[in-house]
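Heads up: the structure comes next, in structure tokens.
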Amino acid sequence: MENKDLYKVKLSDFKMVNKRGSYALGLFAGLFTCNIMNAQFVNSGEVKIADNTIMAIYMDYNNETSGNFINDGQTYIFQNWNNDGKVGYTPAGNGQTFFTGQQSQSIEGSKQSDFQNVIFDNMSALVPFNLKTMISVGKNSDFKNGIINAFYAETDQLHDKSKMIFLENANHTAAGDQSFVDGRVEKRGNAEFYFPVGNELFYRPSYHAVNGSAANVYTTQYFYQNSDPAYPHSNKDESILKINDKEYWKISQDQGSEKIVLSLTLDHDTTPSDYFQQNSDTELAIVRWDESLNKWVNEGGVLSADITGEAYEKLLTAQVSGYGIFTMAVVKKTEDPVEDVVVYNALSPNDDGVNDTFHIKGISEYPDNTVEIYNRWGVKVYDTVSYNESDNMFRGYSDGRVTVKRGDKLPTGTYFYILKYNVNGKGKEKTGYLYINNQ
56 MENKDLYKVK LSDFKMVNKR GSYALGLFAG LFTCNIMNAQ FVNSGEVKIA DNTIMAIYMD
116 YNNETSGNFI NDGQTYIFQN WNNDGKVGYT PAGNGQTFFT GQQSQSIEGS KQSDFQNVIF
176 DNMSALVPFN LKTMISVGKN SDFKNGIINA FYAETDQLHD KSKMIFLENA NHTAAGDQSF
236 VDGRVEKRGN AEFYFPVGNE LFYRPSYHAV NGSAANVYTT QYFYQNSDPA YPHSNKDESI
296 LKINDKEYWK ISQDQGSEKI VLSLTLDHDT TPSDYFQQNS DTELAIVRWD ESLNKWVNEG
356 GVLSADITGE AYEKLLTAQV SGYGIFTMAV VKKTEDPVED VVVYNALSPN DDGVNDTFHI
416 KGISEYPDNT VEIYNRWGVK VYDTVSYNES DNMFRGYSDG RVTVKRGDKL PTGTYFYILK
476 YNVNGKGKEK TGYLYINNQ
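In the working numbering, the protein residues as written are 56 to 494.
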């Protein structure tokens, strides 16, 4: 016969282990369910894990509707997690929640769980985590081991419930083929961010550059699927020759109105092989399914050089004009019949008189212009208006408006530029890569 008695945990009886290995009293009252067949830790009161305190839960954790779980220390979850109440932390603290175990773990509940720092580290399977609810990250998510499955069909009731949310100042570390979110990821705020998404065991992040408003909210999901059945590849701009039939990204702007600088990743494991070699008449571009036009539109783009040390091989970057379904395509190469300006994309600011500035020949004739420069992670390192060939030029230093300290010499590497200018009232735009050698 199963034992389903509830046992009240007295304040003086509950113990936790702190970092020094000694025991500290748990400052909460809770309920503990002991079931011979399936033990559970059930909280219907308040649980607060203090700073410098470790708590390990070796059974399923169930936070009931009246439960309030506050983690300012280190909490280890070895089994399943369910939250129907409140889960949070003290903003000034540095609480850490570890999902780790020897078998698959479910993260679910009717209410959102808010974690300050969350660490995923489970090697029991390639996809050991099943996310069936919303969780948020206040500071950092560490993707050590284990893919997080949050992929559900739009007809599934779990589709709208399952999402990983990164708050305004949150970020992540270690994402790669070994650990990412297979499902929807939301980012709030205006900081640069690369979305740790993938599908079918492939990590395929997308990148958003810095934007202007802290109120912006974006959601991204990657699909290792052919977009043609839902978004016909035959409906396309004339300039589009061949649309990627292996993968696509779904990107929504849930709040805000700004355009973004978007980078999509290319990798031989998922991207068609012929997308890595173009002839003199074609190039790669980001394409977007335009719902109002019912066709794919060419958003343009610039392809990076080979990238080492990452789980992908190239980046394709463009400032896009809308949101929705994105992938890449082979398009006709377009060349201006007459070059109004000429961009020299090499910069070595060592005061030797050669390539000391980012030279845009002829731009002084068109003072109604803007120049923006981003690093490979989408961080804006420079922007100006009325760029010229004399006193308003980029010299390889950050202007410090976002995350790179003003006046710092930028590291050697490849950067992305956007030049916009007017010629007789007609707006023109050039984008491309700029190589900086600061050695």
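From the three backbone atoms N, C-alpha and C, an ideal C-beta is built for every residue, glycine too.
Please state whether the Cβ-Cβ distance between residue i and residue j is less than 8 Å.
| i | j | result |
| --- | --- | --- |
| residue 239 | residue 272 | no |
| residue 122 | residue 150 | no |
| residue 231 | residue 366 | yes |
| residue 184 | residue 204 | yes |
| residue 304 | residue 381 | yes |
| residue 275 | residue 261 | yes |
| residue 94 | residue 114 | yes |
| residue 315 | residue 263 | yes |
| residue 277 | residue 253 | yes |
| residue 423 | residue 477 | yes |
| residue 124 | residue 141 | yes |
| residue 357 | residue 487 | yes |
| residue 375 | residue 317 | yes |
| residue 319 | residue 256 | no |
| residue 313 | residue 268 | yes |
Is it buried or exposed, residue i, if we count other Cβ atoms within 10 angstroms and call 16 or more buried?
| i | result |
| --- | --- |
| residue 210 | exposed |
| residue 224 | exposed |
| residue 134 | buried |
| residue 435 | buried |
| residue 158 | exposed |
| residue 339 | buried |
| residue 168 | buried |
| residue 296 | exposed |
| residue 160 | buried |
| residue 325 | buried |
| residue 409 | exposed |
| residue 468 | exposed |
| residue 251 | buried |
| residue 417 | exposed |
| residue 108 | buried |
| residue 120 | exposed |
| residue 430 | buried |
| residue 181 | exposed |
| residue 445 | exposed |
| residue 335 | exposed |
Using a Cβ-Cβ cut-off of 6 Å (strictly less than) and excluding sequence neighbours within five positions of residue i, which residues of its own chain qualify?
| i | result |
| --- | --- |
| residue 404 | 411, 450 and 451 |
| residue 218 | 189, 239 and 241 |
| residue 355 | 340 and 373 |
| residue 112 | 96 and 132 |
| residue 164 | 137, 138, 139 and 188 |
| residue 117 | 95, 97 and 137 |
| residue 428 | 436, 437, 470 and 472 |
| residue 248 | 242 and 263 |
| residue 489 | 400, 470 and 472 |
| residue 130 | 104, 110 and 152 |
| residue 291 | 350 and 351 |
| residue 492 | 403 and 467 |
| residue 186 | 162, 203, 205 and 217 |
Here's a check: name, in chain order, each residue in its chain whose Cβ is nearer than 8 Å to the Cβ of residue i, leaving out the five neighbours to either side.
| i | result |
| --- | --- |
| residue 439 | 425, 426, 447, 449 and 454 |
| residue 330 | 299, 321, 339, 383 and 385 |
| residue 207 | 213, 214, 217 and 238 |
| residue 193 | 144, 146, 169, 170, 171, 172, 222, 224 and 225 |
| residue 309 | 241, 272, 273 and 274 |
| residue 228 | 195, 196, 197 and 198 |
| residue 421 | 395, 396, 476, 477 and 478 |
| residue 337 | 296, 385, 386, 387 and 388 |
Enumerate in chain order the residues of its own chain whose CB-to-CB distance from residue i is below 7 Å, with the five nearest sequence positions on each side excluded.
| i | result |
| --- | --- |
| residue 368 | 321, 322, 323, 361 and 362 |
| residue 156 | 133, 134, 177 and 179 |
| residue 377 | 343 and 345 |
| residue 482 | 475 |
| residue 106 | 127, 128 and 148 |
| residue 413 | 402, 448, 449 and 489 |
| residue 270 | 310 and 311 |
| residue 233 | 200 |
| residue 44 | This structure cannot settle anything about residue 44, because the visible part of the chain is limited to 56 through 494. |
Confirm the yes/no value for this check: CB of residue i, any heavy atom of the ligand NAP, distance under 7 Å.
| i | result |
| --- | --- |
| residue 159 | The ligand NAP is absent from the structure shown, which contains no ligands of any kind. |
Next item on the list: Check whether the stretch 277 to 284 touches the stretch 299 to 310, counting contact only when three or more Cβ pairs, one atom from each stretch, lie closer than 8 Å.
Entry: yes
Margin query: So, does the stretch 287 to 297 touch the stretch 348 to 356, judging by three or more C-beta pairs under 8 Å?
Written below: yes
Notebook entry, point to check: Does the count of Cβ pairs from the stretch 370 to 388 and the stretch 396 to 403 closer than 8 Å reach three?
Noted result: no
Notebook entry, point to check: Taking only runs of the beta strand (DSSP E) that begin and end inside the stretch 171 to 234, which ones reach a length of at least 3 residues, in chain order?
Noted result: 184 to 186, 189 to 200, 203 to 205, 218 to 221 and 226 to 228
Notebook entry, point to check: In chain order, which alpha helix (DSSP H) runs of at least 4 residues are fully inside the stretch 335 to 388?
Noted result: none
Notebook entry, point to check: Hey, which unbroken runs of the beta strand (DSSP E) at 3 residues or more fall wholly within the stretch 404 to 461?
Noted result: 424 to 429 and 435 to 440
Notebook entry, point to check: Could you give the uninterrupted runs of the beta strand (DSSP E) lying entirely in the stretch 242 to 283, keeping only those of 3 residues or more?
Noted result: 248 to 250, 261 to 263 and 272 to 278
Margin query: Just to confirm the assignment: which complete beta strand (DSSP E) runs, minimum length 3, are found wholly within the stretch 289 to 335?
Written below: 295 to 298, 303 to 310 and 315 to 321
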